[in-house]
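**Q** In my numbering, the protein residues as written are 1 to 108.
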Amino acid sequence: MRYPVLLLTLLLSGLAVAAGPSGQPPGLTPVPDGPPGPGDAPPVTIKPSSQGGRVIEYRAHGKLYMLKVIPKVGKPYYLIDEKGDGQFARQDSLDSGLRPPMWVIKEW
């Protein structure tokens with residue numbers, strides 16, 4: 001009794017493998033790409049300053065974290081909120097020392 005059941009199972013499994021995958025049914029339309037996500041690029045606002053230069057504001061999650069001040073005469077500098085408390089510290093360039101990545105990986 002065991003052998004006929006085993007033989008039948010092997011034969012049917014061989015037929016299922018030989019049939020292969022059925023593929024996509026006909027008449028399907030491809031799904032269009034969605035809009036870009038909100039985390040693709042930080043929102044940047046460029047404003048003219050009162051002295052004739054420009055101020056570029058960088059925001060993350062609606063909170064201002066960095067300003068780039070470009071005066072009419074002189075070298076551009078950055079004001080960075082390092083701790084997130086609203087106190088900005090001046091830096092002449094962004095690569096003036098070792099700084100660990102401060103990306104938000106998960107929030108809850």
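For every residue, glycine included, the Cβ atom is placed at its ideal position computed from N, Cα and C.
With distances taken between CB atoms, is the gap from residue 44 to residue 58 smaller than 8 Å?
**A** yes
**Q** DSSP has residue 106 in a bridge; who is on the other side?
**A** Residue 106 is not bridged to any residue.
**Q** Please report how far the alpha carbon of residue 62 lies from the alpha carbon of residue 30, in whole angstroms.
**A** Roughly 35 Å between the two C-alpha positions.
**Q** If residue 109 sits next to residue 53, beta carbons under 8 Å apart, how far is it from one beta carbon to the other, in whole angstroms?
**A** No answer is possible for residue 109: it lies beyond the span of the chain, which begins at 1 and ends at 108.
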